[in-house]
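Novice: I'd like to ask you about the structure that follows.
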Amino acid sequence: MPSAVPKRRFAALPSGKAGFALLQLLLAGFTLLSIGIAVSLGQVDVPLGQSFQILAHRLFGLTIGDSADILSGPNANIIWTIRFPRVLLALLVGAGLSLCGTIMQASVQNPLADPYILGISSGASLGATFSIMIGFGAGGVLGQLGLAFWAFAGAIGASVLVLALSGIGSRMTSAKLVLSGMVIHALCTAFANSIIYFANNTEGIRTVTFWTMGSLAAAKWDRLPLVAAAVLLAALFFLLQSRILNTMLLGEEAAVTLGVNLNRHRRFYLIATALLTGVLVSSCGMIGFVGLIIPHMVRAAVGSDHRRLLPLSIWAGGLFLIWTDIIARTAIPKVELPIGIITALIGAPLFMYMLIKKGYEFGGK
Amino acid sequence: MQLDVNDVSVTLARADIVKSVSLRVEDGRFVGLIGPNGCGKSTLLKSIYKVVQPSAGSVVLGGADVLRASPKTVARMMGVVGQFNELSFDFTVREMVMMGRTPHKKLLDADSAEDERLVEEALLTVGMLPMAGRSFLSLSGGEKQRVVLARALAQQPRFLVLDEPTNHLDIKYQLQILSLVKSLGIGVLAALHDLELAAAYCDHLYLVKQGRIYAEGPPRSVLTREIISEVFEVDCQIYENPVTGGLGIAYLESGPSAAAEAAAARAGS
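Just so you know, the protein sequences line up as chains U and Y, in that order.
If you read the first sequence in the numbering used here, its first letter stands for residue 1, the second for the next number, and so on.
If you read the second sequence in the numbering used here, its first letter stands for residue 1, the second for the next number, and so on.
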């Protein structure tokens, strides 16, 4: 056997199962730290140590040191009822969007797929706006479910239209896929905006800004369970599908010869991602590009094998959105930027780079 | 494993591509499928490995009905080396070959030491072990083809279907791949381009013309001057290669009339 066997493409990354477990552990630690930092920053800055004391007490009933003052002070309330649910929502939504992107990219075998770029988010947003107009979204679990259902209906409609437009049967080029997404995005946004515009009484309707640029400001404890359930179930399900997702990337024919019937799986995956997109959009509006950027960067680091790509994308997506939300809240004092602006500012240049890069055959074949 | 194809017809976009083809590959035999471009040999192979649904006929492999069985059941018996190696995503060579283990895996199974061993063995066999860590997309066409063959070998197939497996390959690897496949001792059905190579390696040939079997039999009975001229529209001389003792084909570049025209053109200028 030859002596110099190149082990991995990226020698700096830990290889093997132990290394991967270590990486996950590091990520989990970093996530905890990020949550701590995120709840500490805002209009009122809370010392990091205090934040952890408050969280430890509320979550696990632990009292660390002499903290009676802190626990009964105003900071405890800010952190527990306002900031912590918001940070959790960021974590869940980021993880969910990144998961959606990864799955959609495998399903259509195109690295440019993402719920936002393909107009799926706009479809969900249209559905949600529509449901608010007809009276859902008034609050409560039923209202939230109704909202999520309509958002899902919109997302499914948009998925079907985009895939039909770009031709799921024939070879789907990047150009056709992205253009179809653009068309659907424009159409859905126009409808949604006109609904908002004509239903001028702002009572039940959150603003255009919320739906088109996304916001985590609406985060409340009672809205979290649905999002958490959707993201965790989807994550669990897709983590079990890694092998099938891998063969998906090889294309239709190769997958069949490896014993995987792609059509059935693909249809089911697209329904599942539309469902997840619906839940995410109905809870925080359209936050673009997360599903594009994160899988792309993780893939560059660990390759396309979904057994590594998927868990890392989920972590990284959650972390990414926590930090983007920190930027959105603190970049300009006393002003909260819509989070979608920040993700677009980071994501759009990367999208440009992906389009220009030759390897993606944009407009080719 | 024995493969029986019975009266298979394939219609694509209302055109009859394969017309009632029957063939048999006995266990351990290397059978070649030859014919001009567009004669339907690729489509016939696709209907055997379940990518194209035939409009009529049956395919039986080792007693199992291939057309009715699940893709997974078939993939445990049959390995395929096709011509579909374009990817938008990159994998390492090792990951690529490991995917050959997919049909033998349940949802939650991790890669076992046995899987690792089979992958290494397959890579060693095709001479790609030193490149195991390389990115698949950075490989040359020939290297990619060898990796795909390694993936099929990692499937531990008892039957192999090859669609022009030596396309893009240097002669060294053409010979290497064909002798390697032959040495496996399992049933092989291969569409081949090069008639001399087909004659050298195949036990039996099926010659396809316009979707039908035009001739079949041992290479020497199929590859005759008359049949080649009729099917491939090229004049040739068949001879015994004095070095290898195998069948040789000397193609006579252009027909007599074309040669005469060329001579006339030269004389005129």
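Cβ atoms here follow ideal geometry from the backbone N, Cα and C, with glycine treated the same way.
Source: prediction; values computed, not measured.
Taking 8 Å as the CB-CB limit, is M99(Y) close to chain U?
Specialist: By one-based count along the second sequence, residue 99(Y) stands at place 99. Yes, because at least one Cβ of chain U sits closer than 8 Å to the Cβ of M99(Y).
Novice: Assuming A155(U) and A344(U) are in contact, meaning their beta carbons sit under 8 Å apart, how far apart are those beta carbons, in whole angstroms?
Specialist: In the first sequence, residue 155(U) corresponds to position 155, counting from 1. In the first sequence, residue 344(U) corresponds to position 344, counting from 1. With 8 Å as the limit, A155(U) and A344(U) do not qualify as a contact, their Cβ atoms being about 20 Å apart.
Novice: Any beta-carbon of chain Y closer than 8 Å to the one on Q24(U)?
Specialist: Within the first sequence, the letter at position 24 stands for residue 24(U). For Q24(U), the answer is no, since every Cβ of chain Y falls outside 8 Å of its Cβ.
Novice: So, A367(U) versus S282(U), is the Cβ gap smaller than 8 Å?
Specialist: Any property of residue 367(U) remains undetermined from this structure, which presents chain U solely from 1 to 365.
Novice: Taking buried to mean at least 16 other C-beta atoms within 10 Å of its own C-beta, is R146(Y) buried or exposed?
Specialist: The sequence position of residue 146(Y) within the second sequence is 146, counting from 1. Buried, since its Cβ has 16 or more Cβ neighbours within 10 Å.
Novice: Can you tell which of I171(Y), P165(Y), L137(Y) has the C-alpha that lies nearest to the C-alpha of L33(Y)?
Specialist: One-based indexing of the second sequence puts residue 33(Y) at position 33. Of the listed residues, the one whose Cα sits closest to L33(Y) is P165(Y).
Novice: Please report the distance separating the alpha-carbon of A40(Y) from that of V119(Y).
Specialist: Residue 40(Y) sits at position 40 when you count from the first residue of the second sequence. Residue 119(Y) sits at position 119 when you count from the first residue of the second sequence. In the sequence on display, residue 40(Y) carries Gly and not Ala. Going by the C-alpha atoms only, they are around 33 Å apart.
Novice: Pop quiz: P36(Y) and S47(Y) are said to be a contact at Cβ under 8 Å. What is the actual Cβ separation, rounded to whole angstroms?
Specialist: Reading the second sequence from its first residue, position 36 is the one you call residue 36(Y). Reading the second sequence from its first residue, position 47 is the one you call residue 47(Y). With a Cβ gap of about 19 Å, P36(Y) and S47(Y) do not count as contacting.
Novice: Under 8 Å between C-beta atoms, does T102(U) make it to chain Y?
Specialist: If you number the first sequence from 1, residue 102(U) lands on position 102. With 8 Å as the cut-off, T102(U) does not count as an interface residue toward chain Y.
Novice: Looking only at C-alpha atoms, which of Y206(Y), R225(Y), F136(Y) sits nearest to L23(Y)?
Specialist: Position 23 of the second sequence, counted from the first residue, corresponds to residue 23(Y). Residue Y206(Y) is the option with its Cα nearest to L23(Y).
Novice: For a test of the three-state rule: what should DSSP assign to C202(Y), helix, strand or coil?
Specialist: The count along the second sequence starts at 1 and reaches residue 202(Y) at position 202. Note: C202(Y) maps to coil in three-state DSSP.
Novice: Within 10 angstroms of its Cβ, does L3(Y) collect 16 or more other Cβ (buried), or is it exposed?
Specialist: The count along the second sequence starts at 1 and reaches residue 3(Y) at position 3. Classification for L3(Y): buried.
Novice: Return the Cβ separation of S125(U) and G285(U) in integer angstroms, given the expectation that the two are a contact with Cβ distance under 8 Å.
Specialist: Stepping through the first sequence from its first residue, residue 125(U) is reached at position 125. Stepping through the first sequence from its first residue, residue 285(U) is reached at position 285. Right, the Cβ-Cβ distance comes to about 7 Å (below 8 Å), so this counts as a contact.
Novice: Can you check which of these residues, P295(U), E336(U), A300(U), R329(U), is closest to G94(U) by C-alpha distance?
Specialist: Indexing the first sequence from 1 puts residue 94(U) at position 94. For the residues P295(U), E336(U), A300(U), R329(U), the minimum Cα distance to G94(U) belongs to P295(U).
Novice: Which of helix, strand or coil does DSSP assign to S20(Y)?
Specialist: Here residue 20(Y) is taken as the residue at index 20 of the second sequence, counted from 1. Of the three classes helix, strand and coil, the one that applies to S20(Y) here is strand, per DSSP.
Novice: Determine the extent of the beta strand (DSSP E) in which G248(Y) is found, giving its start and end residues.
Specialist: Position 248 of the second sequence, counting from 1, holds the residue named residue 248(Y). Counting along the chain, the beta strand (DSSP E) containing G248(Y) begins and ends at 247 to 251.
Novice: Within 10 angstroms of the Cβ of Y251(Y), are there 16 or more other Cβ atoms? Answer buried if so, exposed if not.
Specialist: Taking the first residue of the second sequence as 1, we reach residue 251(Y) at position 251. Exposed, by the Cβ-count rule.
Novice: Please go through the same chain and pick out, in chain order, the residues whose beta-carbon is closer than 6 Å to the beta-carbon of V25(Y), but skip the five residues on each side of it.
Specialist: Within the second sequence, the letter at position 25 stands for residue 25(Y). For V25(Y), where only same-chain residues beyond five positions count, the Cβ hits under 6 Å are L3, V31, G187, L189.
Novice: Evaluate contact between the region 64 to 71 of chain Y and the region 211 to 231 of chain U, counting only Cβ atoms and requiring at least three cross-stretch pairs below 8 Å.
Specialist: The region 64 to 71 of chain Y, when compared against the region 211 to 231 of chain U, does not touch it at the 8 Å Cβ threshold.
Novice: Does V183(U) come within less than 8 Å of chain Y when only Cβ atoms are used?
Specialist: For the purposes of this step, residue 183(U) is identified with residue 183 of the first sequence, where counting begins at 1. No, because no Cβ of chain Y sits closer than 8 Å to the Cβ of V183(U).
Novice: At a CB distance below 8 Å, what residues from the region 234 to 248 of chain Y approach chain U? Give them in sequence order.
Specialist: Within the region 234 to 248 of chain Y, no residue has a Cβ that lies closer than 8 Å to any Cβ of chain U.
Novice: Does any C-beta atom of chain Y lie closer than 8 Å to the C-beta of E253(U)?
Specialist: Numbered from its first residue, the first sequence carries residue 253(U) at position 253. Yes, its Cβ sits closer than 8 Å to a Cβ of chain Y.
Novice: Can you list, in chain order, the residues of its chain whose CB lies under 7 Å from that of W80(U), leaving out five sequence neighbours each side?
Specialist: Here residue 80(U) refers to the residue found at position 80 when the first sequence is read from its first residue. Answer for W80(U): I54, R58, listed in chain order.
Novice: Give a yes or no on whether 8 Å exceeds the smallest Cβ distance from S282(U) to chain Y.
Specialist: Working through the first sequence from its first residue, we reach residue 282(U) at position 282. No, because no Cβ of chain Y sits closer than 8 Å to the Cβ of S282(U).
Novice: At a CB-CB cut-off below 8 Å, which residues of chain U make contact with K41(Y)?
Specialist: Here residue 41(Y) is taken as the residue at index 41 of the second sequence, counted from 1. Simply none; closest approach about 16 Å.
Novice: Using the beta-carbon of each residue, which ones in chain U are nearer than 8 Å to L87(Y)?
Specialist: Counting from one through the second sequence, the residue named residue 87(Y) turns up at place 87. Near L87(Y) (Cβ distances below 8 Å), the residues of chain U are L249, L250, G251.
Novice: So, under 8 Å CB-CB, L137(Y) and V97(Y) are touching, yes? Tell me the CB distance rounded to an integer number of Å.
Specialist: Working through the second sequence from its first residue, we reach residue 137(Y) at position 137. Working through the second sequence from its first residue, we reach residue 97(Y) at position 97. In fact, because the Cβ distance is near 15 Å, the residues do not count as touching under 8 Å.
Novice: Between the region 59 to 74 of chain U and the region 188 to 202 of chain U, do at least 3 Cβ pairs fall closer than 8 Å?
Specialist: As far as the Cβ criterion goes, the region 59 to 74 of chain U does not touch the region 188 to 202 of chain U, which means the pair count is below three.
Novice: Which residues in the same chain as T189(U) place their Cβ atom closer than 8 Å to its Cβ, once the five residues preceding and following it in sequence are excluded?
Specialist: The sequence position of residue 189(U) within the first sequence is 189, counting from 1. Hits under 8 Å: S122, S125, L126, T212.
Novice: Taking 8 Å as the threshold (C-beta atoms), are L276(U) and G96(U) in contact?
Specialist: Reading the first sequence from its first residue, position 96 is the one you call residue 96(U). Reading the first sequence from its first residue, position 276 is the one you call residue 276(U). Result yes, Cβ atoms of G96(U) and L276(U) sit closer than 8 Å.
Novice: Near R29(Y), what residues of its chain come up, given a Cβ to Cβ distance below 8 Å and the 5 sequence neighbours on each side ignored?
Specialist: Here residue 29(Y) refers to the residue found at position 29 when the second sequence is read from its first residue. G187, V188, D203, H204.
Novice: If you reduce the DSSP assignment to three classes, tell me which class C236(Y) lands in.
Specialist: Here residue 236(Y) refers to the residue found at position 236 of the second sequence. Three-state result, C236(Y): strand.
Novice: Of all the alpha helix (DSSP H) runs that stay within the bounds of the region 73 to 144 of chain U, which reach a length of 4 or more residues?
Specialist: DSSP runs (the alpha helix (DSSP H)) wholly in the region 73 to 144 of chain U: 74 to 77, 84 to 107, 120 to 133.
Novice: Would you decide whether I314(U) is buried or exposed? Buried here means 16 or more other CB atoms lie within 10 Å of its CB.
Specialist: Numbered from 1 along the first sequence, position 314 holds the residue referred to as residue 314(U). Flag for I314(U) reads buried.
Novice: Contact between the region 253 to 272 of chain U and the region 103 to 119 of chain U: three or more CB pairs below 8 Å?
Specialist: Yes: at least three Cβ pairs fall under 8 Å.
Novice: For a contact meaning CB atoms closer than 9 Å, what does E95(Y) contact in chain U?
Specialist: On the second sequence, position 95 is the one that residue 95(Y) refers to. Under the 9 Å cutoff, chain U gives N246, G303, S304, D305.
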